[in-house]
Amino acid sequence: NHLTVLGLLVFEATVHRHQLYFRLYNDQKPPPFSIIFQGITRQHLDLGILPCVKYFINFCFYKFGLEISLIVAVNVIGQRMDFYALFHSCALLAVLSRRRRKAIGEVWPKYCCFTAGLMVLQYLICIGIPPALCAYPWRTAVQPLTSNVIKWFYLPDFAKNPNSSFIFDHLLLLCSSLQWQVFEEENRAAVRLLAGDNVEISRSLDPSSFNQFIPVNNFLHCCYLDMVKVFVFSYFFWLVLCLIFITGTTRINIFCMGYLVACFYFMLFGGSVLMQPVRYILRLWDWLIGYTCFVIAMKNLL
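For the sequence shown, UniProt numbering puts the final residue at 302, and the numbers step up evenly by one.
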C-alpha cells in the first residue's frame, strides 16, 4: 500500500512538472482552474453529449463537490458505526442546518478542521501508551467494560487493538478539503467565467417565471443531450420518490414510517408540487433531508 501511494505521488509530480515545462516552453499561462480538457467552458455545456461530458469531467467536483462530500460523510458513519460516528452525525446535522450554500461555505473550514482533528485523535488512540507504564482502567476496574463497549467507544486496548483502517475517514478529509478549495475558487471571477457560478436561485421566485432566468434555449430539439435533460428534469422527481419508497419498505421499523409518509405525501400532489413557490418546495425537501440525517444518527446510536 505504501509503494502504491508513493507511485501515485511520483506520477502526479511527473505530470505536474511536465505541464509546467510545456507551458513555460510555449509561453502559455496556466488555467485558473485545474482541468483536463482545455477550451471547455460553461458555454459548451449545452452543445452536445461530448462537450457536456467533457465539461463535467473538468468541473464535476466544482458543481457537485458538496454533495459528494456529504455522501462520503454518510458512508463514514455507516462504515464506522461507533461513538465517533455519532460525532460525524452531529457534524452532518450542523452543516445541513445552515441550508444555503453560502452559509455552508462559511462553516465549512470548521468542518474540515473537525474532520482532521478527529483523525489525529483516532491515530493517537491506535498508538496508545506503552504497556509497561500502566494498564487501562476499563480493563483493570472491578467491573471492567466488555470488549464490545470498548470497541464501540473506540478506546485503546492491549487485549485487542482498535481498528486502524482510516481509508473512509481519509476520503472524507480529502473531499472536504477539496470542497473547501471550491468554496474559495467559486468567488473568483476568472473561475466563474470558465466554469459558471454556483449561486443559488432565489427562494422567492415563482416556477412559472423561471424561463426568463434560464440562460440557455429550451431543450426540446430532439437531440441526445435534450433527451437526457428531459429525463433528468421530468422524471428524476419520480425516481427519487421510488428510492424513498424502497427505503421505507425494505425494513420494518418505526423510522421507515417517516419515509412512507413522505413518499405518499409527494405522490398525493404529484407534479403539482414542482409548480409551487421555490420556498415551499425547498422547505419540503429540507424536512426530508433533516429527517434522513436524524434517522442515520439514531440508527448509529441504537
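Beta carbons: idealized from backbone N, C-alpha and C, even for Gly.
When DSSP states are grouped into helix, strand and coil, methionine 275 belongs to the helix group.
Restricted to the segment 82-141, the alpha helix (DSSP H) segments that are unbroken, complete and at least 4 residues in length are 83-96, 101-127, 137-140, listed in chain order. For the pair arginine 203 and leucine 284, the Cα-to-Cα distance works out to about 13 Å. In the DSSP annotation of this structure, the continuous segment of the alpha helix (DSSP H) that includes glutamate 12 starts and ends at 2-25. In the same chain as glycine 65, and ignoring 5 residues on each side of it, the C-beta atoms closer than 8 Å to its own belong to Cys175, Leu178, Gln179, Val182, in chain order.
Here leucine 274 is near phenylalanine 237, since their CB atoms are less than 8 Å apart. The residue among Leu124, Val142, Leu171 with its C-alpha nearest the C-alpha of asparagine 163 is Leu124. For isoleucine 201, no alpha helix (DSSP H) run applies, since DSSP gives it neither H nor E. Straight-line spacing of the CA atoms in tyrosine 291 and glycine 258 works out to 8 Å. If you look at glycine 78, you'll find it in the alpha helix (DSSP H) that goes 49-80.
Sequence-distant Cβ neighbours of cysteine 126 in its own chain, meaning closer than 6 Å and more than five residues away, are Pro162, Ser164. It is roughly 11 Å from the alpha-carbon of valine 149 to the alpha-carbon of aspartate 157. Excluding its 5 nearest sequence neighbours in each direction, valine 107 has C-beta neighbours in its own chain below 7 Å: Val95, Arg98, listed in chain order. In the DSSP assignment, phenylalanine 236 falls within the unbroken alpha helix (DSSP H) covering 236-249. In this structure, the CA atom of glycine 78 is about 8 Å from the CA atom of isoleucine 296. Secondary structure at asparagine 163: coil, using DSSP grouped into helix, strand and coil. Taking the Cα positions, isoleucine 244 is about 20 Å away from tyrosine 280. When secondary structure is reduced to three states using DSSP, asparagine 187 falls in the coil class, being assigned neither helix nor strand. When the five nearest sequence neighbours on each side are left out, the beta carbons in the same chain lying within less than 7 Å of the beta carbon of threonine 115 are those of Leu172, Leu173, Ser176, in order along the chain. The segment 186-195 and the segment 33-41 touch, with no fewer than 3 CB-CB distances between them shorter than 8 Å.
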